[in-house]
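**Student:** A single structure is presented below for examination.
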Amino acid sequence: ALGPEADPVRTTCPYCGVGCGVLARPDGQGGASVAGDPAHPANHGRLCSKGSTLGETLSLDDRVLHPAIAGRRVGWDEALDAVADGLRRTAEAHGPESVAFYLSGQLLTEDYYVANKLAKGFIGTPHVDTNSRLCMSSAVAAHRRAFGSDTVPGCYEDLDEADLLVLVGSNTAWCHPILFRRMLDARTKRGTKIVVIDPRRTQTGEEADLFLGLRPGTDTALFSGLLVHLSDHGALDARYIADHTAGFEPALERARQIAPDAAATARATGLGEAEVGTFFALFRATPRVVTAFSQGVNQSAQGTDKANAIINCHLATGRIGTPGTGPFSLTGQPNAMGGREVGGLANMLAAHMHFAPEEVDLVRRFWSAPRIITGEGLKAVPLFEAIERGKIKALWVMGTNPAVSMPRADRVRAALGRLDTFVVSEVAAGTDTVRARNAIVLPALAWGEKDGTVTNSERRITRQRTFLKAPGEARADWWILAQVGRRLGHAKQFAWPTVAAVFREHAALSEFENRGSRDFDIGGLADLSDAAYEAAAPVQWPLTRKAKAGERRLFASGGFYTRDRRARFVAVQKPALADATSDAFPLRLNTGRVRDHWHTLTRTGKSPRLSAHRAVPFVEIHPDDAARAGVADGDLARVRTPHGAAVLEVTVTPGAQAGMLFAPMHWSEANTSDGRVGALAQGAADPVSGQPELKATPASLTPE
Ligand code: SF4
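Residue numbers (full-length UniProt numbering): 7 to 710.
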């Protein structure tokens, strides 16, 4: 019914966690033009380079269009029977914990909800993890340690209303571009100062009023020094600390041991004492401060401590939950939070609940679940190690490409060969994961075809809507999962007629016996009719049944989700990188993203304009290191780590810190022979969050 004259469809950009509203106008021939949605509160009509070229990425080239088993096209019934049989046989022969799911921040919340319910309630395996483990699980863990819940305290308007924006480990200009434009607008309108803290002088660093190019892994020293400075200069909010927090003194004592003053902070971080002093004074003197952090903080073997060191400074000054203040996790993926909300991480159960006996019992009763799990499962890195060891024998991967994106990706790819049952729900036929071995491949709906909700970095739930016909035999992920649930004997519990019905169940669970002990409560959406769901406007959670609107900000007056309702300061560990450099590997490899590409290129690789930005895999190196290695701009070089090697085009730039390399993670065997950067990363996991280190692997570089 959609044609050239149709009204534009309101939907959400499928790339980053900013969650921009998009108006899509289908052309009636399988394509569409897109524009920013002026009514969406995240972007007010703007789109970045990736969002504005979405129309160029809609072709059916390289699409999975039909179910297949080991390369043989089959019908849906045969494919679904094979999936159900494979999961059942594996669970019966080796126990339910021999089955695992690896999900994705690309999934819609409803897809995530059904996958989590099937695995944790009905198959009885706790091993459900997601590529969000590589993205922001350290922020989740830090929120839980500090607030008792995974709650982002603020909203995007705080970026407009801050007088100081501190960006830590975040190339916001490239990776969250629309938010960065809001920050630049704040600078124009109210003189907001921007401080960028990053070992790499990125585009964001170039725009900063103050750039602090600290040594990798030393963020906790910088924020420990800041906490001491705030204490020593009478800048604490003693009332907030006394009324709403616990653990301040031990945290301050630990901070003093790590960085007792500006001089010690400078030594620990490699920064100049004067620039450290300037940053401390700016933070101290500016009541409205937002500290936004991203992968440079999270993708670290000490990521949780880094985030807590930041949060400590905000709690100590009461700069949280009021306009223009707060720590703010900038999340990578489009469904930045939906997966967390349903419990789609190995250390969560459902609806922001974990594994207290009463929580397990509550979810068991709500789901009528015969095999509810009672404890945490394996997080991404150990999950793939368990496949390698033959402990996990059946794996269902949905909407992600771990054979490229996981650290030590070559081992991950090889491990897939050990599985008895390997299921991949995918859109793109040529990914390294699909090609890794003979799998049961299920054609999933892509952006524009699928329908559901996502939640962005400011807790805002927005609809993704259908505006294109499903191609071939592609189906919604939630539908596929529900069909398997029914085949496993649970027809009643997997009987949703529509995606709206899945959402209603998810919302109902969030309020089920929730007596204010959980932050995530969207009971106000539990009774939406199908029509109301279809028309639903973006809304922030929490949104209880009694509330008239979602909460923009939390915690200005305490009310944390710990047992005593007080936030916790965290005494963080002294900074230390997981692996030392050596004569063989004297440099450190930092991995990340470029402005115009997304993940492993399955969508952005289809746009000639986006591909023109950086067409081939490359490595950035400081001029001194380049001279030492004997390479020049444009040369090819081999980057080696103890885990693998890649051949990359050299970019010599003073923006790279001496001793550091930077290489983007997008390219795979599917689109380059030697550019698999994920294969090089060490991936030492943070002890709290399990998030792997992707920013500081010891490496060498030689001319090719
Ligand atoms: Fe899409 Fe993120 Fe760009 Fe917004 S900022 S248009 S969500 S990629």
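For glycine and all other residues, C-beta sits at the position ideal for the given N, C-alpha and C. Quick caveat: nothing in here was measured; it's all calculated off a predicted structure.
Any heavy atom of the ligand SF4 closer than 7 Å to the CB of Lys612?
**Tutor:** By one-based count along the sequence shown, residue 612 stands at place 606. Checking the Cβ of Lys612 against the ligand SF4 gives no.
**Student:** Classify Arg260 as buried or exposed, calling it buried when 16 or more other Cβ atoms lie within 10 Å of its own Cβ.
**Tutor:** Here residue 260 refers to the residue found at position 254 of the sequence shown. Label assigned to Arg260: buried.
**Student:** On the premise that Phe591 lies in contact with Pro704, defined as a C-beta separation below 8 Å, what is that separation, rounded to the nearest angstrom?
**Tutor:** In the sequence shown, the residue the question calls residue 704 occupies position 698. In the sequence shown, the residue the question calls residue 591 occupies position 585. Their Cβ separation, rounded to whole angstroms, is 4 Å, which keeps Pro704 and Phe591 in contact under 8 Å.
**Student:** Where does Ser374 land, buried or exposed, given buried means 16+ other C-beta within 10 angstroms?
**Tutor:** Position 368 of the sequence shown holds residue 374. When all chains shown are included, Ser374 counts as exposed.
**Student:** Any contact between the stretch 124-136 and the stretch 679-686? By contact I mean 3 or more CB pairs, one from each, below 8 Å.
**Tutor:** Flag = no, the stretch 124-136 and the stretch 679-686 do not touch.
**Student:** Rounded to the nearest angstrom, how far is the Cβ of Val70 from that of Ala434, given a contact under 8 Å?
**Tutor:** Here residue 70 refers to the residue found at position 64 of the sequence shown. Here residue 434 refers to the residue found at position 428 of the sequence shown. That pair is a contact at about 7 Å.
**Student:** Just reading off the alpha helix (DSSP H) that Ala227 is part of, what are its end residues?
**Tutor:** Stepping through the sequence shown from its first residue, residue 227 is reached at position 221. Asp225 to Asp238 is the span of the alpha helix (DSSP H), which, as asked, contains Ala227.
**Student:** When you compare the CB positions of Ser143 and Gln579, do they come within less than 8 Å of one another, or not?
**Tutor:** Position 137 of the sequence shown, counted from the start, is the residue given in the question as residue 143. Position 573 of the sequence shown, counted from the start, is the residue given in the question as residue 579. Not closer than 8 Å, so no.
**Student:** Between the Cα of Ser65 and those of Pro159, Gln663 and Leu451, spot the shortest distance and give me the residue it belongs to.
**Tutor:** For the purposes of this step, residue 65 is taken as residue 59 along the sequence shown, with counting starting at 1. Nearest C-alpha to Ser65: Leu451.
**Student:** Determine which residues share a DSSP beta bridge with Met359 and list them.
**Tutor:** Residue mapping note: residue 359 aligns to position 353 of the sequence shown, counting from 1. Ala356, per the DSSP bridge assignment.
**Student:** From Arg393 to Ser695, what does the alpha carbon distance come to, in whole angstroms?
**Tutor:** Numbered from 1 along the sequence shown, position 387 holds the residue referred to as residue 393. Numbered from 1 along the sequence shown, position 689 holds the residue referred to as residue 695. In the sequence as presented, Arg is not what sits at residue 393; that position holds Ile. So the alpha carbons of these two residues sit roughly 20 Å apart.
**Student:** Are the CB atoms of Gly598 and Gln308 within a distance shorter than 8 Å?
**Tutor:** One-based indexing of the sequence shown puts residue 308 at position 302. One-based indexing of the sequence shown puts residue 598 at position 592. It is not a contact, given that the beta carbons lie outside the stated cut-off.
**Student:** In terms of residue numbering, what span does the alpha helix (DSSP H) encompassing Pro14 cover?
**Tutor:** As a position in the sequence shown, residue 14 is number 8, starting the count at 1. Unbroken run through Pro14: none, as it is neither H nor E.
**Student:** What separation, rounded to the nearest whole angstrom, lies between the Cα atoms of Pro102 and Lys126?
**Tutor:** Working through the sequence shown from its first residue, we reach residue 102 at position 96. Working through the sequence shown from its first residue, we reach residue 126 at position 120. Straight-line Cα distance between these residues: approximately 10 Å.
**Student:** Can you tell me whether DSSP reads His314 as helix, strand or coil?
**Tutor:** On the sequence shown, position 308 is the one that residue 314 refers to. Residue identity check: residue 314 is Asn in the sequence provided, not His. If DSSP states are grouped into helix, strand and coil, Asn314 belongs with the helices.
**Student:** If you draw a straight line from the C-alpha of Leu707 to the C-alpha of Ala415, how long is it?
**Tutor:** As a position in the sequence shown, residue 707 is number 701, starting the count at 1. As a position in the sequence shown, residue 415 is number 409, starting the count at 1. About 19 Å.
**Student:** From the DSSP output, in three-state form, read off Met412 for me.
**Tutor:** In the sequence shown, counting from the first residue as 1, residue 412 sits at position 406. Reduced to three states, the DSSP call for Met412 is coil.
**Student:** Determine whether the beta carbon atoms of Arg558 and Gly530 lie at a separation below 8 Å.
**Tutor:** Within the sequence shown, residue 558 is the residue found at index 552, counting from 1. Within the sequence shown, residue 530 is the residue found at index 524, counting from 1. It is not a contact, given that the beta carbons lie outside the stated cut-off.
**Student:** Quick check: Leu86 and Gln489, are their CB atoms within less than 8 Å of each other?
**Tutor:** Locating residue 86 in the sequence shown gives position 80, counting from the first residue. Locating residue 489 in the sequence shown gives position 483, counting from the first residue. Yes, these two residues count as a Cβ contact at 8 Å.
**Student:** Is DSSP giving Glu699 helix, strand or coil here?
**Tutor:** Position 693 of the sequence shown, counted from the start, is the residue given in the question as residue 699. Here Glu699 sits in coil by DSSP.
**Student:** Is Leu667 near Glu710, with beta carbons less than 8 Å apart?
**Tutor:** Mapped onto the sequence shown, residue 667 falls at position 661. Mapped onto the sequence shown, residue 710 falls at position 704. No. Outside cutoff.
**Student:** Among Arg196, Thr210, Asp243 and Gly350, whose alpha-carbon lies nearest the alpha-carbon of Leu185?
**Tutor:** In the sequence shown, the residue the question calls residue 185 occupies position 179. The shortest Cα separation from Leu185 among Arg196, Thr210, Asp243 and Gly350 belongs to Thr210.
**Student:** Mark Ala537 as exposed unless 16 or more other C-beta atoms lie within 10 angstroms of its C-beta, in which case mark it buried.
**Tutor:** Taking the sequence shown and counting its residues from 1, the one referred to as residue 537 is at position 531. Result: exposed.
**Student:** Give me the Cβ distance between Leu422 and Arg441, rounded to the nearest whole Å; I'm assuming they're in contact under 8 Å.
**Tutor:** Against the sequence shown, residue 422 aligns to sequence position 416. Against the sequence shown, residue 441 aligns to sequence position 435. With 8 Å as the limit, Leu422 and Arg441 do not qualify as a contact, their Cβ atoms being about 10 Å apart.
**Student:** Hey, is Gly423 close to the ligand SF4, as in C-beta under 7 Å from one of its heavy atoms?
**Tutor:** Taking the sequence shown and counting its residues from 1, one reaches residue 423 at position 417. Gly423 Cβ: outside cutoff for every heavy atom of the ligand SF4.
**Student:** So, at 6 Å on beta carbons, what are the nonlocal neighbours of Trp453 in its own chain, with the 5 sequence-adjacent residues on each side left out?
**Tutor:** As a first step, residue 453 is located in the sequence shown; it is residue number 447 there, counting from the start. For Trp453, where only same-chain residues beyond five positions count, the Cβ hits under 6 Å are Pro20.
**Student:** Thinking Cys22 and Cys181 are a contact (beta carbons under 8 Å), I'd like their distance in whole angstroms, please.
**Tutor:** By 1-based counting over the sequence shown, the position of residue 22 is 16. By 1-based counting over the sequence shown, the position of residue 181 is 175. That belief holds up - the Cβ atoms of Cys22 and Cys181 are roughly 7 Å apart, short of 8 Å.
**Student:** On a CA-only basis, which of Gly350, Asp641 and Ala420 is nearest Arg139? Give me that one, please.
**Tutor:** Locating residue 139 in the sequence shown gives position 133, counting from the first residue. Answer by Cα proximity: Gly350.
**Student:** In chain order, what residues of the same chain lie with their CB nearer than 8 Å to the CB of Ser411, ignoring the 5 residues before and after it?
**Tutor:** For the purposes of this step, residue 411 is taken as the residue at position 405 of the sequence shown. Closer than 8 Å at the Cβ level, and outside the excluded window around Ser411, lie Asn137, Leu140, His605, Thr606, Met671 and Gly684.
**Student:** Would you call the stretch 324-338 and the stretch 157-173 touching, i.e. three or more CB-CB distances under 8 Å?
**Tutor:** Touching, yes.
**Student:** Rounded to the nearest angstrom, what separates Ser523 and Tyr567 at their Cα positions?
**Tutor:** Numbered from 1 along the sequence shown, position 517 holds the residue referred to as residue 523. Numbered from 1 along the sequence shown, position 561 holds the residue referred to as residue 567. So the alpha carbons of these two residues sit roughly 6 Å apart.
**Student:** Would Gly175 and Asp225 be called neighbours here (beta carbons separated by less than 8 Å)?
**Tutor:** Translated into the one-based positions of the sequence shown, residue 175 becomes position 169. Translated into the one-based positions of the sequence shown, residue 225 becomes position 219. Yes, they are a contact pair.
**Student:** Where does Arg469 land, buried or exposed, given buried means 16+ other C-beta within 10 angstroms?
**Tutor:** Reading the sequence shown from its first residue, position 463 is the one you call residue 469. Buried: at least 16 other Cβ atoms inside 10 Å.
**Student:** Is Tyr246 near the ligand SF4, judged by its Cβ being under 7 Å from some heavy atom?
**Tutor:** In the sequence shown, counting from the first residue as 1, residue 246 sits at position 240. Tyr246: no, Cβ never under 7 Å from the ligand SF4.
**Student:** Helix, strand or coil: how does DSSP classify Pro704 here?
**Tutor:** In the sequence shown, residue 704 corresponds to position 698, counting from 1. Note: Pro704 maps to strand in three-state DSSP.
**Student:** On the premise that Gln112 lies in contact with Gln305, defined as a C-beta separation below 8 Å, what is that separation, rounded to the nearest angstrom?
**Tutor:** Within the sequence shown, numbered from 1, the residue matching residue 305 stands at position 299. Within the sequence shown, numbered from 1, the residue matching residue 112 stands at position 106. So it is not a contact: roughly 18 Å between Cβ atoms.
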